[in-house]
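Residue numbers (the working numbering): 11 to 147.
Step one of this worksheet: look at the structure below.
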Amino acid sequence: MLVHLHAAGNIHYAKSVHLYLQNMSKLKTTLSDQEFERFVSQGYFTVRRSDQFWCGFWTDMTVEQVLMRSMKVIGGLKKGRKMSDSFLACWIFTMPGSLQVTEAMEAFIGVTGVSSDQHISLQKSWQTRDFSDFKKV
Numbered sequence: 011m012l013v014h015l016h017a018a019g020n021i022h023y024a025k026s027v028h029l030y031l032q033n034m035s036k037l038k039t040t041l042s043d044q045e046f047e048r049f050v051s052q053g054y055f056t057v058r059r060s061d062q063f064w065c066g067f068w069t070d071m072t073v074e075q076v077l078m079r080s081m082k083v084i085g086g087l088k089k090g091r092k093m094s095d096s097f098l099a100c101w102i103f104t105m106p107g108s109l110q111v112t113e114a115m116e117a118f119i120g121v122t123g124v125s126s127d128q129h130i131s132l133q134k135s136w137q138t139r140d141f142s143d144f145k146k147v
């Protein structure tokens, strides 16, 4: 796995894969039996931000989509600001509160990022395209 991460250019993942594997090897002793069973067989290894069926995200994708997206917008960290350690720490510690305010405002005005109850790859056009691609192989 480590070789594939390096080959794909995922250096940040490659640097932390050893720590990840150590933590995962201790998971059965860290979690209770009930939590471990949920993790292994019921999909409790994903983050769900809504009740829709296809809404599970890997934790690293959640960080990328929520935290990193807000860093790149106007007024975020990457638009002309110098990032000192104290500024970055202050910004990160305020993120949970900012996220709750944003979600409350979205709920209040009825605007959300949820677009469909159905996963996009289940749409007829995607199935037709997948089948035609399959026939080419």
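Heads up, the beta-carbon is just placed ideally off N, CA and C, and yes, glycines get one too.
Note that the structure is a prediction, hence the values are computed from the model and not measured.
What's the C-alpha gap between residue i and residue j?
{"i": "Asp43", "j": "Leu31", "result": "20 angstroms"}
{"i": "Val111", "j": "Trp101", "result": "15 angstroms"}
{"i": "Lys25", "j": "Ala17", "result": "13 angstroms"}
{"i": "Met105", "j": "Gln133", "result": "35 angstroms"}
{"i": "Thr69", "j": "Ser94", "result": "26 angstroms"}
{"i": "Phe97", "j": "Phe103", "result": "10 angstroms"}
{"i": "Val147", "j": "Val13", "result": "28 angstroms"}
{"i": "Leu29", "j": "Gln52", "result": "24 angstroms"}
{"i": "Trp136", "j": "Ala99", "result": "43 angstroms"}
{"i": "Gly19", "j": "Arg139", "result": "30 angstroms"}
{"i": "Phe141", "j": "Ile21", "result": "35 angstroms"}
{"i": "Leu41", "j": "Met34", "result": "11 angstroms"}
{"i": "Ile119", "j": "Glu113", "result": "10 angstroms"}
My understanding is that residue i touches residue j, with C-beta atoms under 8 angstroms, so please give their C-beta distance in whole angstroms.
{"i": "Val57", "j": "Phe49", "result": "About 13 angstroms separates the two Cβ atoms, so there is no contact after all."}
{"i": "Phe46", "j": "Lys38", "result": "6 angstroms"}
Leaving out five residues before and five after residue i in sequence, what residues of the same chain have Cβ atoms less than 6 angstroms from its Cβ?
{"i": "Asp143", "result": "none"}
{"i": "Tyr54", "result": "Arg48"}
Grab me the residues of residue i's own chain with a C-beta within less than 7 angstroms of its C-beta, minus the 5 sequence neighbours each way, in chain order.
{"i": "Leu15", "result": "Tyr23, Ala24, Val27"}
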